[in-house]
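I have placed the structure first, in the form of structure tokens, so that the comments after it can refer back to it.
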Amino acid sequence: MTDSDTLATATLRAPSAPDMLLSREHPLCPGCGHPVSIRLVLETIEELQLQQRTIGVFGHGCSALMITHLDVDMNLSLHGRAPATATGIKRMRPDRFVFTMQGDGDMINEGLAEIMHAAARGENITCLLLNNGVFGDTGGQMTAGTVIGQRSTSTLDGRNAEQHGYPIALSKILAGMDGVSFVARTTVSDAAGVSRTKRLLKRAFEHQLAGHGFSLVEILTMCPTGWVTAASEGPGYLGETLGHESEFGVLRDTWDPAAAGAAGSE
Amino acid sequence: MSTVTKPTKSLCSGSEAIARSAMAAGLRFYAGYPMAPSTDILETFTRELAHADGVCINVETEIEGVNMALGAAMTGFRAATGSTGQGVALMQEAIAEAGLHETPLVVFTVGRMQQDYFQSTRGGGWGDYRTICMAPKDVPEAVELTQLLFHLTDKYRVPGILLTDGILARTQVSVDLSPIEFEPLPEKTWALDGAGTGTGHSKSYWTFAGGKANNPGLGPQTHWVNLAEKFEVIARNEPRWEEVHTEGAETLIVAFGTAAAFVEHVVRDLNAEGVRVGMFRPITLWPFPGDQLEAAAESAKAIGVFELNAGQMIDDVKLNVPNRKLVRPIGGISVDDSGINIGELLDAPAVRARIELLIEEMTQ
Chain B
281 MTDSDTLATA TLRAPSAPDM LLSREHPLCP GCGHPVSIRL VLETIEELQL
331 QQRTIGVFGH GCSALMITHL DVDMNLSLHG RAPATATGIK RMRPDRFVFT
381 MQGDGDMINE GLAEIMHAAA RGENITCLLL NNGVFGDTGG QMTAGTVIGQ
431 RSTSTLDGRN AEQHGYPIAL SKILAGMDGV SFVARTTVSD AAGVSRTKRL
481 LKRAFEHQLA GHGFSLVEIL TMCPTGWVTA ASEGPGYLGE TLGHESEFGV
531 LRDTWDPAAA GAAGSE
Chain U
387 MSTVTKPTKS LCSGSEAIAR SAMAAGLRFY AGYPMAPSTD ILETFTRELA
437 HADGVCINVE TEIEGVNMAL GAAMTGFRAA TGSTGQGVAL MQEAIAEAGL
487 HETPLVVFTV GRMQQDYFQS TRGGGWGDYR TICMAPKDVP EAVELTQLLF
537 HLTDKYRVPG ILLTDGILAR TQVSVDLSPI EFEPLPEKTW ALDGAGTGTG
587 HSKSYWTFAG GKANNPGLGP QTHWVNLAEK FEVIARNEPR WEEVHTEGAE
637 TLIVAFGTAA AFVEHVVRDL NAEGVRVGMF RPITLWPFPG DQLEAAAESA
687 KAIGVFELNA GQMIDDVKLN VPNRKLVRPI GGISVDDSGI NIGELLDAPA
737 VRARIELLIE EMTQ
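Note that the protein sequences, when read in sequence, are chains B and U.
All letters in the first sequence, in the order written, are residues 281 to 546 by the working numbering.
All letters in the second sequence, in the order written, are residues 387 to 750 by the working numbering.
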């Protein structure tokens with residue numbers, strides 16, 4: 281991608297798009313990692329033939345800007361509350377596939393209680409964390425997921441522990457909790473990461489479909505706008521910051537304990 | 387609203403009666419967080435809702451409880467949450483959400499005195515929303531209004547609050563808990579059930595009514611104007627109230643909930659003694675029966691508002707009577723040392739003394 285691309289209308293450029301994507305133009309910034317993540321979610325729903333039985337609950341943030349584009353029965357939940365809303369839905373419709381899609385501001389800041397309690401209850405839902413370490417929707421301020429050294433509009437010289445405290449590594453915490461069936465971390469900053477993300481999403485969905493309980497996939501996404509970086513430099517910056525801090529792959533899998541760590545390198 | 391006495395069937399507390407009446411109305415989901423004096427409702431559902439093919443969750447926070455109930459209600463099943471005023475304070479954001487994306491959410495508020503009138507009738511969420519609020523005077527009426535509230539919140543797709551207090555919640559009464567018949571309601575075609583996913587006709591539930599790229603919604607401007615018009619319809623059609631000896635009354639007492647039961651007792655005694663005093667009782671606190679109060683206050687030379695708070699409903703009374711200068715607060719804050727239980731003002735002799743003082747001042 282060149283700098284001139286950043287001026288063009290953002291479009292999903294894949295040769296084919298999932299049937300459940302209602303429009304190929306989208307309102308997110310060039311270089312954003314959310315569209316490909318959302319595309320992978322739709323593809324997974326289609327491949328597992330979950331049409332006509334899927335309900336999505338969306339948090340507030342950039343991913344919510346895509347909700348008009350997705351052919352999914354859904355609720356735009358209150359900020360941070362998606363796991364609670366999804367719990368009410370799933371308890372009344374246990375035969376449906378129920379997922380949440382939330383950013384780090386939504387899940388780790390506003391909704392920390394909701395995600396932790398849903399996980400501890402072993403609620404049979406799948407939560408997707410699209411983590412770029414900033415409040416992208418409001419222009420790139422620090423979240424509770426911003427890693428040390430990461431730039432945001434409220435940490436222009438990078439987050440430092442003395443001034444801003446430490447980030448919460450949510451997936452690592454959840455991976456140690458009873459009640460959690462599956463946790464994985466991945467990234468969409470390169471082709472291998474996209475391919476791995478697809479496989480991990482499928483695995484997480486299967487946990488719910490088998491009734492195994494709570495599953496979560498954390499997907500690291502680029503936010504060049506919030507990071508004050510060129511769109512083309514987003515994947516590299518992600519690797520130096522959020523990606524540098526992260527372990528990728530399966531962090532917990534109670535169905536297949538040997539899987540944990542196995543997907544980490546490819 | 388009549389409180390026709392039907393053949394009594396079971397002795398239970400007000401809390402048990404409300405929970406069982408909700409189950410008779412078809413409630414299938416309850417999420418609650420313990421706080422006195424609302425805890426007995428949660429415990430009743432904990433024991434009994436699973437036997438009624440339902441789910442009760444003892445939630446980790448009130449905020450999660452109300453959002454779970456919101457999710458459950460979105461699927462078309464009858465759902466509720468509840469707490470005391472302090473807990474419902476935490477739920478305001480989600481109650482507003484229910485109003486703005488048209489989800490029939492029911493909340494049982496069991497207050498400690500009557501300090502939750504503002505919270506229940508105004509609310510603390512964002513946006514132009516309203517909440518139907520019903521305040522029964524006793525347990526049999528609570529049974530009836532619980533079922534009516536589920537009916538009306540479904541009919542209009544709005545949030546609703548049943549506002550009671552610790553006295554009503556703990557009073558043991560024999561009540562009839564059979565389902566009450568209401569007019570039939572249309573099928574819930576709006577229910578979120580996942581069946582639309584991948585069909586090109588998926589549903590979207592959000593306060594801006596944005597719809598989908600292939601099927602745009604009304605958008606916030608039109609949606610919010612429509613909602614405001616719906617709330618006006620409810621304000622016209624759904625006020626409920628009770629009048630006791632209001633015709634020709636020179637003194638009118640306005641009271642709600644349990645306090646009104648005490649006022650009613652005193653008003654009947656005074657009339658038997660030849661004192662021309664009446665009582666007007668709003669049963670729905672929103673919509674407030676303002677036109678009806680205006681008519682009932684026509685002959686009054688003094689209007690006393692007896693409520694167990696520093697003066698909340700009195701604002702609505704002043705807005706609606708012909709002459710607001712005749713309105714006096716005759717209740718007040720009355721609580722025991724625990725801060726949880728209603729204090730000594732809620733006693734027939736104390737209520738009578740307040741009313742007699744008002745009459746005395748009026749004749750001076």
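We put the CB at the ideal spot given by N, CA and C, even for glycine.
Since we're looking at a predicted model, the values are computed, not measured.
For this session: Please say whether T406 of chain B and F279 of chain B have beta carbons closer to each other than 7 Å?
Result: Chain B is shown only over 281 to 546; residue 279 of chain B falls outside these bounds and no answer can be derived.
Exercise. Taking Cβ-Cβ distances below 7 Å as the criterion, which residues of the stretch 586–599 of chain U are in contact with chain B?
Worked result: For the stretch 586–599 of chain U, which is checked against every Cβ of chain B, the residues closer than 7 Å are G586, S588, K589, S590, Y591, W592, G596, G597, K598 and A599.
Problem set entry | Where G368 of chain B meets chain U, residues with beta-carbon distance less than 8 Å | By 1-based counting over the first sequence, the position of residue 368 of chain B is 88. Correct list: F415, A417, N453, M454, A455, L456, G457, A458, A459, M460, T461 and A465.
For this session: Give every residue of the same chain whose Cβ lies closer than 8 Å to the Cβ of H631 of chain U, excluding the five residues on either side of it in the sequence, and list them in chain order.
Result: For the purposes of this step, residue 631 of chain U is identified with residue 245 of the second sequence, where counting begins at 1. If we look at H631 of chain U and ignore the five residues flanking it on each side, its Cβ neighbours are V653, R654, N657, R662, V663, G664 and M665.
Exercise. Which ranges would you report for the alpha helix (DSSP H) in the stretch 338–384 of chain B if only whole runs of at least 4 residues count?
Worked result: Taken in chain order, the unbroken stretches of alpha helix (DSSP H) that lie wholly in the stretch 338–384 of chain B and span 4 residues or more are 362–372.
Exercise. If we count Cβ pairs, one from each stretch, closer than 8 Å, do we get three or more for the stretch 447–457 of chain U versus the stretch 465–482 of chain U?
Worked result: Cβ pair count under 8 Å is three or more, so yes.
For this session: Leaving out five residues on either side along the sequence, give the residues of the same chain with a beta carbon under 8 Å from the beta carbon of H492 of chain B.
Result: The sequence position of residue 492 of chain B within the first sequence is 212, counting from 1. Here the set comprises N404, S461, F462, T534 and W535.
Exercise. Near G471 of chain U, which residues of its chain fall below 7 Å by C-beta distance, leaving aside the five closest residues on each side in sequence?
Worked result: Within the second sequence, the letter at position 85 stands for residue 471 of chain U. Apart from the 5 residues on each side of it in sequence, G471 of chain U sits with its Cβ closer than 7 Å to the Cβ of T495, G497, R498, Q501, D502 and Q505 in its chain, given in chain order.
Exercise. Which residue from B:T509, B:K478 and B:G514 puts its Cα closest to that of I499 of chain B?
Worked result: If you number the first sequence from 1, residue 499 of chain B lands on position 219. That would be B:K478, whose Cα lies nearest to the Cα of I499 of chain B.
For this session: For chain B, find out if any of its Cβ atoms is closer than 7 Å to the Cβ of G510 of chain U; answer yes or no.
Result: Taking the second sequence and counting its residues from 1, one reaches residue 510 of chain U at position 124. Closer than 7 Å: no.
For this session: Mark R622 of chain U as exposed unless 16 or more other C-beta atoms lie within 10 angstroms of its C-beta, in which case mark it buried.
Result: Locating residue 622 of chain U in the second sequence gives position 236, counting from the first residue. Classified as exposed, R622 of chain U has fewer than 16 neighbouring CB atoms from the shown chains inside 10 Å of its CB.
For this session: Can you say whether S526 of chain B is buried or exposed, counting buried as having 16 or more other CB atoms within 10 angstroms of its CB?
Result: Numbered from its first residue, the first sequence carries residue 526 of chain B at position 246. S526 of chain B comes out buried.
Exercise. Leaving out five residues before and five after I318 of chain B in sequence, what residues of the same chain have Cβ atoms less than 6 Å from its Cβ?
Worked result: By one-based count along the first sequence, residue 318 of chain B stands at place 38. Contacts found: M346.
Exercise. In chain order, which beta strand (DSSP E) runs of at least 3 residues are fully inside the stretch 621–686 of chain U?
Worked result: If we require 3 residues or more, the beta strand (DSSP E) runs fully inside the stretch 621–686 of chain U come out as 627–630, 637–640, 663–668 and 670–672.
Exercise. Can you tell me the Cα-Cα spacing of H314 of chain B and R371 of chain B, whole angstroms?
Worked result: Numbered from 1 along the first sequence, position 34 holds the residue referred to as residue 314 of chain B. Numbered from 1 along the first sequence, position 91 holds the residue referred to as residue 371 of chain B. Separation of H314 of chain B and R371 of chain B (C-alpha to C-alpha, rounded to the nearest whole angstrom) is 29 Å.
For this session: Tell me, please, whether the stretch 548–566 of chain U touches the stretch 593–612 of chain U by the rule of three or more beta-carbon pairs shorter than 8 Å.
Result: The stretch 548–566 of chain U is not in contact with the stretch 593–612 of chain U.
Exercise. Quick check: the stretch 677–697 of chain U against the stretch 637–654 of chain U, are there 3 or more CB pairs under 8 Å?
Worked result: Yes, since at least three Cβ pairs between the stretch 677–697 of chain U and the stretch 637–654 of chain U fall closer than 8 Å, the two stretches touch.
Exercise. So what's R543 of chain U in DSSP terms, helix, strand or just coil?
Worked result: Within the second sequence, residue 543 of chain U is the residue found at index 157, counting from 1. Assigned with DSSP and collapsed to three states, R543 of chain U falls in coil, not helix or strand.
Problem set entry | Straight-line gap, H437 of chain U to L413 of chain U (C-alpha atoms, nearest Å) | Counted from its first residue, the second sequence places residue 437 of chain U at position 51. Counted from its first residue, the second sequence places residue 413 of chain U at position 27. Roughly 12 Å separates the two Cα atoms.
For this session: Decide if the stretch 514–532 of chain B is in contact with the stretch 424–436 of chain B; the criterion is three or more beta carbon pairs, one per stretch, under 8 Å apart.
Result: Segments in contact, yes.
Exercise. Does any residue of chain U bring its CB to less than 7 Å from the CB of S343 of chain B?
Worked result: To locate residue 343 of chain B, count along the first sequence from 1; it is residue 63. For S343 of chain B, the answer is no, since every Cβ of chain U falls outside 7 Å of its Cβ.
Exercise. Of all the alpha helix (DSSP H) runs that stay within the bounds of the stretch 418–464 of chain B, which reach a length of 4 or more residues?
Worked result: Listed in chain order, they are 441–444 and 450–455.
For this session: Using three-state DSSP, classify M396 of chain B as helix, strand or coil.
Result: Your numbering for residue 396 of chain B matches position 116 in the first sequence. M396 of chain B: helix per DSSP, three-state reduction.
For this session: Kindly indicate which three-state DSSP category K574 of chain U falls into: helix, strand or coil?
Result: If you number the second sequence from 1, residue 574 of chain U lands on position 188. It is coil, neither helix nor strand.
Problem set entry | Option nearest D524 of chain U by Cα separation, candidates U:I669, U:K711 and U:T749 | For the purposes of this step, residue 524 of chain U is identified with residue 138 of the second sequence, where counting begins at 1. The shortest C-alpha separation from D524 of chain U is found at U:I669.
Exercise. Quick one: Cα of G413 of chain B to Cα of G438 of chain B, how far?
Worked result: Counted from its first residue, the first sequence places residue 413 of chain B at position 133. Counted from its first residue, the first sequence places residue 438 of chain B at position 158. When the Cα atoms are used, G413 of chain B and G438 of chain B turn out to be separated by approximately 12 Å.
Exercise. DSSP beta-bridge partners for N411 of chain B?
Worked result: Position 131 of the first sequence, counted from the start, is the residue given in the question as residue 411 of chain B. The partner list for N411 of chain B (beta bridge, DSSP) reads B:L500.
For this session: Mind checking who A466 of chain U pairs with in its DSSP beta bridge?
Result: Taking the second sequence and counting its residues from 1, the one referred to as residue 466 of chain U is at position 80. Paired residue(s): U:Y416 and U:V492.
Problem set entry | C-beta neighbour in chain U for Q488 of chain B, strict 7 Å | Locating residue 488 of chain B in the first sequence gives position 208, counting from the first residue. Q488 of chain B does not count as touching chain U.
For this session: With 7 Å as the threshold, decide whether the Cβ of H314 of chain B is near any Cβ in chain U.
Result: Within the first sequence, the letter at position 34 stands for residue 314 of chain B. Chain U contact via Cβ: absent.
For this session: To the nearest angstrom, report how far apart T557 of chain U and I395 of chain B are at their CA atoms.
Result: Against the second sequence, residue 557 of chain U aligns to sequence position 171. Against the first sequence, residue 395 of chain B aligns to sequence position 115. Cα-Cα distance, rounded: 39 Å.
Problem set entry | Integer-rounded CB distance, given that L410 of chain B should sit under 8 Å from L496 of chain B | Within the first sequence, residue 496 of chain B is the residue found at index 216, counting from 1. Within the first sequence, residue 410 of chain B is the residue found at index 130, counting from 1. Taking 8 Å as the upper bound for CB-CB distance, L496 of chain B and L410 of chain B are not in contact here, some 12 Å apart.
Exercise. Does the distance from the C-beta atom of T608 of chain U to that of D551 of chain U stay below 7 Å?
Worked result: Taking the second sequence and counting its residues from 1, the one referred to as residue 608 of chain U is at position 222. Taking the second sequence and counting its residues from 1, the one referred to as residue 551 of chain U is at position 165. For the 7 Å CB-CB criterion, T608 of chain U and D551 of chain U do not form a contact.
Exercise. If you drop the 5 nearest sequence neighbours on each side, which residues of the same chain put their C-beta closer than 6 Å to that of G336 of chain B?
Worked result: In the first sequence, counting from the first residue as 1, residue 336 of chain B sits at position 56. The answer, listed in chain order, is V352, M354 and F379.
Problem set entry | Euclidean distance between Cα positions of E629 of chain U and A682 of chain U | Translated into positions along the second sequence, residue 629 of chain U becomes position 243. Translated into positions along the second sequence, residue 682 of chain U becomes position 296. Each residue's CA atom was taken as its position, placing E629 of chain U and A682 of chain U some 8 Å apart.
For this session: Helix, strand or coil for V316 of chain B, going by three-state DSSP, please let me know.
Result: Taking the first sequence and counting its residues from 1, the one referred to as residue 316 of chain B is at position 36. Assigned with DSSP and collapsed to three states, V316 of chain B falls in helix.
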